[in-house]
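Residue numbers (the numbering used here): 5 to 722.
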């Protein structure tokens, strides 16, 4: 079993080329459980990264999720999704957001996308503000917010685009950029004038119908196009009939569906739909719903839209205008009643909510209507990016389970999925991750809150152990503050963590600082509320996985213990310099999550891959400094504690391949702790070079090097 013996590998040492052919059926590159035929090993569809003890549960209904799914399960075009839902009689909802003014608010909005995306909207849309540089690369631009929703939150997204202050060339450039970023839906609008009067743009468009024609002329059928409808007529149209004529022109020019301006009474919408039908407009018409959330926001929206609030509503609101809670509660009741009437009419295929970037009122309305479809069972273990070119992505390394946005960012330039990951490691497929400040990568918690959670002062490594333990336990720390995130995971704990919470707590308190894990699962139904994913009627499997940081002394003991588990436990152990100790055979990926579903091939969504682990290592170590260490002044005791862990700890991952048996990884760790408290069984860490499989990596090494640690393994094995 020489191929299973541990060996020391340099991170930048060129590994054998792992070519695309390795994905063919029957490939030995995937570790498939003995009970599963290798001829079924590779499916065409896949979920992805397995859950982390601190990852969010995903909350995506397998039937109703708006998030992009694996190829073949759902139609790719938004208009086709609408058609399917209408034919089935299944009502949907969608959500509108606007770009915030600050980078911090942008980070909060992305978090809100994740929260509200869990309820199953068919799509979201992002407004376009001409004064806010909407087509730029600024983190607060319409283009970047919409791109983030598609690529990093996996949400079907419509980008608003207006004619205001834009030439034909400007609009064409923005549309090409939108296409390049993976956006494939446009809400075409004339737009509101920046001043009091509309000003014509030389070489531009003055009407939404012209914009629709331009999009169809330049981009053919690539974009699904939405246009706005005004149930009481556009204020500048002259009459309702004239406005309906303009709407018919927009639809005839190539619009696929209509979203209406907000209104307050169901009859307004029903009359509008009837009038549209009489005009020959047959595309879907989605009513715009505005849950009243405050007196001032209502006044502002009414002013912008030039609408009249019915007197009966004003009579209720005026006496309570200074009581935001009372107004919001009234607004929820009013919206629920309006939506119920619209849905009962059979004329509203779904509901479009103007959220004002707030979630509470809209979610309450949707829950009252029974349309909020949050489900612990996930359609996939990870949400696929909604970018069209990533639709063929069918497997991910488990390491980014709790940082999916980072994974997508680092692989954004890939042309093929998954082939790009398994190319020659001398030409790495993973991009550098230096942009920790990007609003979709940094923590959504402000610095002051992070200090309350992670400690305004750290006196020792044990202070850090305590932070990890409080994160897992959910109990308040010494400051009375709950630790709701860590640098490697910005979300609350997943439900799956409850299956191993006590074990995780015990090891973290002793210096095994876990950042990723999953329990073993042997044939649980895909409908299981904790570990289930995928279509109904299936069964899911997982190998136990544990990933953690720990000290050199613990690693020395761990390597001795692992001799007893040589055939059962695969491991990778790496330091910040990139010196890697592993017993993984020939750098092959090891499948750690898979599912079997009726009428389909086996789906293998997550793997432990040695090549990508070395790229994850860079990120995992850097987060100590970028997200935690930089909270403290340079040279401070707290900064030095984090720096010491960064410089001297090891990143370890362990896989228990015997998934039908009880998880042995906890016993491995317990044996390691027991060994740490006694002598190292007469074994020492030698000086000098370590034998390996390549002369190029045999270097003189001191007793503190990982290769020296690895030398304790060359005489072992079973």
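Note that the Cβ used here is the ideal one computed from N, Cα and C, for glycine as well.
Asked                                                                                                                  : Found
Residue nearest to residue 444 in terms of C-alpha spacing, selected from 94, 113, 86                                  : 113
As assigned by DSSP and simplified to three states, the class of residue 562                                           : helix
Rounded distance between the beta-carbons of residue 649 and residue 552, thought under 8 Å                            : Between residue 649 and residue 552 the Cβ distance is about 12 Å, and since that is not below 8 Å, they are no contact.
Length-filtered (3 minimum) beta strand (DSSP E) runs lying within the segment 547-608                                 : 548-554, 573-578, 583-586, 594-600
Burial state of residue 658 (16 or more Cβ within 10 Å)                                                                : buried
With 16 other Cβ atoms within 10 Å as the buried cut-off, status of residue 441                                        : exposed
Proximity test, residue 86 beta-carbon vs the ligand NAP heavy atom, cut-off 8 Å                                       : The ligand NAP is absent from the structure shown, which contains no ligand whatsoever.
Residue 611 and residue 277 closer than 9 Å at C-beta                                                                  : no
With 16 other Cβ atoms within 10 Å as the buried cut-off, status of residue 111                                        : buried
Alpha-carbon to alpha-carbon, residue 325 and residue 270                                                              : 24 Å
Sufficient close CB pairs (3 or more, under 8 Å) joining the segment 380-390 to the segment 131-144                    : no
Assigned secondary structure, residue 529 (DSSP; H/G/I helix, E/B strand, else coil)                                   : strand
Three or more C-beta pairs below 8 Å linking the segment 357-366 and the segment 292-303                               : yes
Spatial neighbours of residue 528 in its chain, beta-carbon cut-off 6 Å, leaving aside the 5 residues before and after : 535, 544
Residue environment, residue 621, which counts as buried when at least 16 other CB atoms sit within 10 Å               : buried
Terminal residues of the beta strand (DSSP E) in which residue 289 lies                                                : 289-293
4 or more residues per run - each alpha helix (DSSP H) lying fully within the segment 189-257                          : 212-223, 244-256
DSSP-derived helix/strand/coil call for residue 98                                                                     : strand
With 16 other Cβ atoms within 10 Å as the buried cut-off, status of residue 308                                        : exposed
Residues that DSSP places opposite residue 518 in a beta bridge                                                        : 552
Any beta strand (DSSP E) of 3 or more consecutive residues that is wholly inside the segment 145-183                   : 161-166
Alpha-carbon to alpha-carbon, residue 226 and residue 348                                                              : 34 Å
Integer-rounded CB distance, given that residue 93 should sit under 8 Å from residue 367                               : Not confirmed; about 24 Å, so no contact.
Own chain residues within Cβ distance below 8 Å of residue 192, not counting five before or after                      : 165, 212, 215, 216, 219, 229, 230, 231, 254, 259
Short Cβ contact (9 Å threshold) for residue 98 with residue 321                                                       : no
Rounded straight-line distance, which links the Cα of residue 242 to that of residue 314                               : 21 Å
Backbone secondary structure at residue 655 - three-state DSSP                                                         : strand
Of the listed residues 493, 587, 549, nearest to residue 563 (C-alpha basis)                                           : 587
Residue 304 to residue 265 span [Cα, whole Å]                                                                          : 15 Å
Buried versus exposed call for residue 247 [16 or more other C-beta atoms within 10 Å across all chains shown]         : buried
Presumed contact (8 Å Cβ cut-off) between residue 641 and residue 463, rounded CB distance                             : 7 Å
With 16 other Cβ atoms within 10 Å as the buried cut-off, status of residue 460                                        : exposed
Alpha-carbon to alpha-carbon, residue 365 and residue 337                                                              : 10 Å
Range covered by the beta strand (DSSP E) that runs through residue 356                                                : 354-358
Three-state class that DSSP yields for residue 541 in the structure shown                                              : coil
Exposure label - residue 522; buried when at least 16 CB within 10 Å                                                   : buried
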